[in-house]
Each structure stands twice: as structure tokens, then as C-alpha cells.
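Enquirer:
Number of protein chains: 2
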Amino acid sequence: MIEVPAREESKRLHKNAADLKTLALELGLSQSTVSRALRAHPGIPATTRQRVVAAAEAAGYRPNARARSLAIGRAETIALSFPLERLQLPETNFVDVLAGISTAVTRRNYSLLLSPFQGDEAAVLRKLASSKSVDGVIITRPLVEDPRIGLLNQLRLPFVVHGRSEVKEAYSFVDTDNDNAFERLTGLLLDYGHRHIVAINGLAQFRYVAARAASFRRAFAARGLTPLPDAIEFVSMTEATGYETALRRLDDPQRPTAFICGSVFQARGVYRALGERGLKVGVDMSVVCHDDGVRGCSAADFVPPLTATATSIRSAGEQLALILIDLIEQNAPEPVHEILPFELVLRDSVALAQPQR
Amino acid sequence: MIEVPAREESKRLHKNAADLKTLALELGLSQSTVSRALRAHPGIPATTRQRVVAAAEAAGYRPNARARSLAIGRAETIALSFPLERLQLPETNFVDVLAGISTAVTRRNYSLLLSPFQGDEAAVLRKLASSKSVDGVIITRPLVEDPRIGLLNQLRLPFVVHGRSEVKEAYSFVDTDNDNAFERLTGLLLDYGHRHIVAINGLAQFRYVAARAASFRRAFAARGLTPLPDAIEFVSMTEATGYETALRRLDDPQRPTAFICGSVFQARGVYRALGERGLKVGVDMSVVCHDDGVRGCSAADFVPPLTATATSIRSAGEQLALILIDLIEQNAPEPVHEILPFELVLRDSVALAQPQR
DNA sequence: CCGTACCATGCAAGCGCTTGCATAATACAC
DNA sequence: GTGTATTATGCAAGCGCTTGCATGGTACGG
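Residue numbers (numbering that gives the first Met the number 0), protein chains in the order written: chain A, 0 to 356; chain B, 0 to 356.
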């Protein structure tokens, strides 16, 4: 029996036991037992566990995360690596992914470290790996041949990619079904009789852009048709480029009858251009879009409402985090590949193609 | 002289020295010296330092952040506590703050932990404090009487508030100059002859909302006028509420001649409502807005462009992080109060009030 | 050549937690 | 009553770094 001095007793009331040691002392137990009790290790009888848990709660004790992570060799933290610009532009997709990641990370009792970079992402990844500040990392926007995949494999830092790359190495990813979404949108316009369709796509370096371009052509091919050689525009995903591109194509003597946009932002720009040229969406011109936008900047709020393929970017974020944590905890020995479905939401932005003008 | 076995030598080439110990061994120095050299402590001669730094770089060595933070008692990490919804809605302000925080945190060689909550923020803050995962926290959207301030002071967790509260306790904050911005906008409309102005404000529980309401009245008072009793609407900061509120006020027999909005989102809703009622902004009706929006959803892109007060939310974020880190590192013993200026950008959304209808 | 400085480096004790192994205590079988 | 399982708990060695203090070595003035 250990004599607990009265001082200790009063201490318990006054200050939160910040310490495993103090807590153990107060309970008259060893640190090991207390530690194991808190983690519900087998071999600790329920009565002891309850006593310990109650005391910990009363004292407001929580294990020091730094010490714990040093001891167990894991930080129970993952990082999201991203170019800082994705926070500067109104990249709602990114924010949506972030929301999904946050949710899942919290649910699994992990923490999320934000790791923005400007310029040299590889250096940041190297630093994350060698300083062991996180157990794994999520990377986004893979290039067609993305060097980060090789690097991370070599650094042995668990990672998951949002999107796919064409590299031969093994890696886990979560991606939306771009391939079929763009094909579906294109098919829709073709079935409405449109032939001169302009696809406002993203920048060619990204894999998903290539995938979308291919899907576009596939939809034509499936109907025994061929798009015009300059049907696809490879530009950035902003309102401004959507606007400029649309304007340029509208002023072309060969004016298209429909636009497919890669994002709501581009679509917003297209709407603006059409407005300026006095063309009514869904009457004089058809517009569709991949990416439904997020609440408040949503395709549904366009005037007229925009027909679009919607995917839950948020759940992509959740999957990314969950898969990464599984990878870290070895629950998933094999690389995981997940392709999320999309949904086509018909609204009022598509008209039957004019017979001929 | 220590005999370094050949194996060690080859090891150096093959695998990155993950360890202070190994690195020290390779250099024939003690851990202390290597550690101090890397941190550029005084007392380590330059030649030694260079040798050590070179070896560390060659080996790709970076101190284990977990061990370091345990040893120094700091995590060199701060958290941003926020309600998860702020990532779900297109809260561009929030993202802008986040961008600013990210930038500053990175610049100071700290890390940023994202700490979203749903429901009980106090519990999350308590956990952050007791598990010592971060050295400090940024909180946002203070209430008029915000209990978090007392809590954090009591937990002795350094913190900075984005915005102000009315609590008596000491705390550091960064805020925009809401007080004067709303007054300026109101004054502008009054000077254009408007008298029946509706202010679409935020929810009353937030301190900045109260501040804006007061400024609104102050502008009237400064001209010997009084706003109508129901001039101020306390609603949420979304497009939908902007729309609904505007519609309701437009259909009121006492139709206002001008609207002031608390955010671009509300303003977007107002524009939509006006469109539906066939009213032309800047001709039949005047609209101004506090908050310039961010690129791509900016007041400048409205049709017609929206007159607004602009503040750099991003630099608010930077200040928040910098101040917090100073607080943590004791560079700022006193609470810091920073009020950021705004700028009034005149565009085309304001007309002279009709003589009388 | 000695004493005092000062310089360059090392020793070892933490930081607070986890965990393999050991140990005391109890239960059970015979 | 003895031997063996089983149970409940403790010991102590880390995890990899920092840092106060100690130490051996060199420089320098007298």
C-alpha cells in the first residue's frame, strides 16, 4: 500500500494531471498499467480500466501526443501536399476535397497537416519523409507521368493520389470517372443533334485532361462521327479563360453550337461570353459541364440552370484519407484503386441543334 | 580517433542517415556537437559547423520532428480551429484566411494543423491543449461574448482570434475595420440621395455583425438622419438568403432604393432577385457590398460590377499566424490588437436616388 | 613554465510515453 | 500441499533529440 501524501491528494483537485507519471502516482499504479488501461489493452481487468479511465477523465489527462508518437513511431498525422495557389484561386473542388479529408481524418482520430508548397514540391515531400512529421501524404493533380510517385515510393512514405497517372509503378489512388463522364456529356450533345461542339478542357499536362479528351473523341467515334480537329481547347480552369475561349470561338466564322466545360468556372465564363454576344443558353447555344460545383457556386444556380455531371468530390476526399490511414496501419497491404461514379443532372442549358442555319 | 568500420562507410552511401546518432558516428563527433552545429549554436566553430551541415545534407538527414518537439517542449505547429461547415459552403473568405495562414506558417518554419469541429469546439480546444499537439491555436468568428477566450486563457494555450469579441479578458486579435467600412458604404449611398436603404447583415450572434449594424446607424446619424427601424436584416451570409431577403423587400409596398450586403454571396443573391423583378442594378436600384470577394467570384466580375469595400483577408490570415507564433515564442509578451484597413472600390452598381416616384 | 581563459567537444540526464519481459499473486488441478 | 496456469501489475529500456554542465586541450600573459 502506498501512502499518498495529502499534498498529492489536493493537487489532484487543483491542477490537471498533465502527466502519466502523476496520474499513475495518484492511482497508486505504475505507468505501464495506466498506459495500458487507457489504451484498453487486453490483460487489464475491466475494473482497473474503469478506475483509470475515470481518474484520467477527472484529471483532464490526455497523453502527450509528441511523446506518444515518438514512442510508437507514428505521428497519427497525415499531410495534404498542394500548391499554395489552390487556396488562392477559388478552387472549390479543392476545398471540397479538403472537407472530405478533414472529416475522415477526424473520424479516424488522426490529425491533418496542411503542407502547401510554392515551387519545389519534391523538397517538401522529402522533408515530410525525413523529419517524420507525418505518417503519410495525399498528393493531388497528378501529371501524365508524375515523378512524385517514384519519389514517394523510394522514400517509403505512404501516399495516396487524388487522380491517376500513367506511371508504371504501383500506387494507390482515388479518382472520379472522368473517362465516362466526358463521354456521357458529349454523347448527350451529339444525341441532341449537335455536331460542332467545342470542349473547353484543362491544361494538357494533367492526366485527367488527356482522359477527358479521349472520352470526347470516343463519344463521337461511338456514333461513327469525328470531332473537328480544333474541337478541344486546352486551357486553365478559370472563369476568365472560359470567357475568353468562348468569345474567341463565338467570333470565329465557324461558330460552334455547343460547349462542354471542364468546370463550373469555365462554364460561368462561357455564360458571360454568350450573354455579351446576345446568345441565350439553352436556346441559341447549348452548354454542359463536368463538375457540378459546390453549394453557392453550383451549376443549379446558373441562369438557366446548367446541365452537368456531378461527382462527390467530398467523398473522394474521405476515401483518400481513409485509404491512406489503412495503408499506414497496414490494413491495406496492396495498393488501392478507387474510381468514384458520377451522375448526369439534366437541367435547362441544352437545346436541340438548329436544323441548319 | 574512432575506427569507423568499412561497413559504416558503405552504409553512408547506401542509406540516408536517419539518425543523429549515425550521423554523429560517421562524423566522428558526439550527438551534442552535431545537434548544436545543425542549429548553429554559438560555440561551435564555423569549420565544424560546415562539415556537419555538409554531411547532414549529403545524408539527407533531418532531425526527427517528433523527438525534437518532445525534447524542446514545443511542436512548432499551430492549429486552426474551425467549424467543418466553413469548408462545405463556398466560404471563400475562409479559404483566403487559410491561404494567408499557410503562407506565414511556412515562412516561419512552422506547421499548420487543421482542426475542424462539429458541435463542441471547446472539447477540441481542450484536447489540443492537453495532448500538447500544437503550440497555439487560431480561432475565428468570435461571438459577442465568446466563451472560448476564457477557456483558452485558462488552458494557457496561446491563441489569436480572427475578429473581436466584447469579453473583458485580454486576448490578441486581428480584425478588419468593419466599423468604418459599413459606415463608409452607408455614407456613400446616403450621399447619392438614398434614404430607404436595406442592410443585409449577418447573424446577430457575431460581434462583427453588431459592429456593422452600429456603423450603419452611425452613418445616418452623422448626417442627421435615422434609418427605418427594419432597415437591417440579420440573416446568414449566403447567396440564397441574399436572394430571399431581397425578394421579400422588393415585394414590400415600401420598396427600398438601395441594398448594402455583408458579403459578395448575399450580393449575388440580391442581383438575382433584382433580375427576376426586372430591375437594373445601378439604374433602378443601387447595391453595395462589404467584402470584395476573391478572384473568380469577385465583385468586379458582377454584371454590372459591384461597388464594394475590399480588405485583404489573406493578409489577415498572415497576421494571425505571425502574431500567434510571436506569442508562442514570447516575442510578444502583450496581447496584440491589429485592425486592418479597407479600401472602397467604386464600380457601377450605384445610381443617384430617383427624385421621387 | 605556470595559471587562467577560453575554446571545442562530450557526457548523460532528461522530454513523456509505450512495451517486452519479469514478477508477484492468485487460482486451479491433482 | 505442491506444481503449473493464469492473472494483475511493475521494471526498465527504449523512441531520437536537446542541453546544462563537465572536461580536456590550446592560447596567452606574466
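C-beta atoms are modelled at their ideal positions from N, C-alpha and C, and glycine is treated no differently.
1) Rounding to the nearest angstrom, what Cα-Cα distance links A:ARG140 and A:PHE205 in this structure?
2) What's the C-alpha gap between B:ASN177 and B:THR185?
3) Under a three-way DSSP split, which group does A:GLU75 fall into?
4) Which residues does DSSP pair with A:ASN200 in a beta bridge?
5) Using 8 Å as the cut-off, can you tell me whether the stretch 19-33 of chain B makes contact with the stretch 270-287 of chain A, which would need three or more C-beta pairs spanning the two stretches below that distance?
6) Which runs of the alpha helix (DSSP H) fall wholly inside the stretch 60-137 of chain A and span at least 4 residues, in chain order?
7) Just to confirm my understanding: we take B:PHE264, look at its own chain, exclude 5 residues before and 5 after, and list those with CB closer than 7 Å. What are they?
8) Report, in whole angstroms, the separation of the C-beta atoms of B:LEU124 and A:LEU111, which I expect to be a contact under 8 Å.
9) The alpha helix (DSSP H) spanning B:ALA406 covers which residue range?
10) Please confirm if the stretch 52-65 of chain B is in contact with the stretch 91-98 of chain B, defined as three or more CB-CB distances below 8 Å between the two stretches.
11) Could you tell me whether any Cβ in chain B is nearer than 8 Å to the Cβ of A:VAL94?
12) Let's test the definition: count the other Cβ atoms within 10 Å of the Cβ of A:ARG155 and tell me whether it reaches 16, buried, or not, exposed.
13) At which residue ranges does the stretch 323-356 of chain B contain complete beta strand (DSSP E) runs of 3 or more residues, listed in the order of the chain?
14) Output the boundary residues of the alpha helix (DSSP H) element that contains B:THR310.
15) Measuring only between beta-carbons, confirm whether B:LYS167 sits less than 8 Å from chain A.
16) Just the C-alpha distance for A:SER314 and A:ARG107, rounded to the nearest angstrom, thanks.
17) Taking the straight line between their C-alpha atoms, what separation do you get for A:LEU305 and A:ARG85?
18) Should A:ASP119 be flagged as near chain B, meaning a C-beta pair shorter than 8 Å?
19) Apply the 10 Å Cβ neighbour rule to B:HIS40 and answer buried if 16 or more other Cβ atoms are within range, or exposed otherwise.
20) Per DSSP, A:HIS289 is paired with what?
21) Could you pull the start and end residues of the beta strand (DSSP E) that A:ALA257 belongs to?
22) Can you give me, in chain order, the residues of the stretch 54-86 of chain A that have a beta carbon less than 8 Å from any beta carbon in chain B?
23) In its own chain, which residues sit with a C-beta less than 6 Å from the C-beta of A:LEU151, not counting the 5 before and 5 after it?
24) Does DSSP put B:PHE264 in a helix, a strand or coil?
25) Taking contact to mean 3 or more Cβ pairs, one atom from each stretch, closer than 8 Å, check whether the stretch 129-136 of chain B and the stretch 335-347 of chain B are in contact.
26) Listing by chain order, which chain A residues have their CB less than 7 Å from the CB of B:ALA359?
27) So, for A:MET0: in the same chain, excluding its five sequence neighbours on each side, which residues have a beta-carbon less than 6 Å away from its beta-carbon?
28) What residues of chain B sit near A:LEU345, judged by a beta carbon separation below 9 Å?
29) My output table needs one value for A:THR225: the three-state DSSP class, helix, strand or coil.
30) Buried or exposed: which applies to B:GLN353, given that a residue is buried once 16 or more other Cβ atoms fall within 10 Å of its Cβ?
31) Taking the alpha-carbon positions, what's the A:GLY42 to A:LYS167 distance?
32) List in chain order: all unbroken alpha helix (DSSP H) runs of 4+ residues lying wholly within the stretch 20-65 of chain A.
33) Tell whether a beta-carbon distance below 8 Å holds between A:SER262 and A:ASP290.
34) Hey, A:GLU317 and A:THR102 are a contact pair by Cβ (cut 8 Å); roughly how many whole angstroms apart?
35) Kindly indicate the opening and closing residues of the alpha helix (DSSP H) around A:PHE181.
Expert: Result, derived from the coordinates:
1) Rounded to the nearest angstrom, the two C-alpha atoms are 7 Å apart.
2) One Cα belongs to B:ASN177, the other to B:THR185, and the distance between them is close to 12 Å.
3) Coil.
4) Note: A:ASN200 sits in a beta bridge opposite A:PHE233.
5) Contact between the stretch 19-33 of chain B and the stretch 270-287 of chain A is absent, because fewer than three Cβ pairs lie under 8 Å.
6) With a minimum length of 4 residues, the continuous alpha helix (DSSP H) runs that stay inside the stretch 60-137 of chain A are 64-71, 84-87, 91-106, 120-129.
7) For B:PHE264, where only same-chain residues beyond five positions count, the Cβ hits under 7 Å are MET236, THR237, GLU238, GLY241.
8) Between A:LEU111 and B:LEU124 the Cβ distance is about 17 Å, and since that is not below 8 Å, they are no contact.
9) In the structure as shown, chain B begins at 0 and stops at 356. Residue 406 of chain B is therefore absent and cannot be evaluated.
10) Of all C-beta pairs linking the stretch 52-65 of chain B to the stretch 91-98 of chain B, fewer than three are shorter than 8 Å, placing the two stretches out of contact.
11) It does; some Cβ of chain B falls within 8 Å.
12) Label assigned to A:ARG155: exposed.
13) Listed in chain order, the beta strand (DSSP E) runs fully inside the stretch 323-356 of chain B are 336-339, 342-344, counting runs of at least 3 residues.
14) Note, B:THR310: premise wrong, no alpha helix (DSSP H); not H, not E.
15) No, B:LYS167 does not count as interfacial toward chain A.
16) The straight-line gap from Cα to Cα measures roughly 15 Å.
17) The straight-line gap from Cα to Cα measures roughly 24 Å.
18) So, not an interface residue.
19) If you draw a 10 Å sphere on the C-beta of B:HIS40, you find fewer than 16 other C-beta atoms in it, and that means exposed.
20) Residue pairing by DSSP places A:HIS289 opposite A:THR308 in a beta bridge.
21) A:ALA257 -> beta strand (DSSP E) spans 257-260.
22) Cβ contacts with chain B: GLY59, TYR60, ARG61, PRO62, ASN63, ALA64, ARG65, ALA66, SER68, LEU69, ALA74, THR76, LEU83, LEU86.
23) Taken in chain order, the residues that qualify are PHE158.
24) In the three-state scheme derived from DSSP, where H, G and I count as helix and E and B as strand, B:PHE264 is classed as helix.
25) With the cut-off at 8 Å, the stretch 129-136 of chain B and the stretch 335-347 of chain B do not touch.
26) Residue 359 of chain B lies beyond the stretch modelled for chain B, which goes from 0 to 356, so this question has no answer here.
27) Residue placement at A:MET0 cannot be trusted, given a pLDDT of 32 that sits under 50; the coordinates are not used to answer.
28) Neighbours of A:LEU345 on chain B: none; closest Cβ ~22 Å, over 9 Å.
29) Taken through DSSP and simplified to helix, strand or coil, A:THR225 comes out as coil.
30) B:GLN353 comes out exposed.
31) Approximately 47 Å, taken between the alpha carbons.
32) 30-37, 45-58, all fully within the stretch 20-65 of chain A.
33) Cβ distance < 8 Å, so A:SER262 and A:ASP290 count as in contact.
34) With 8 Å as the limit, A:GLU317 and A:THR102 qualify as a contact, their Cβ atoms being about 6 Å apart.
35) Segment 177-190, the alpha helix (DSSP H) holding A:PHE181.
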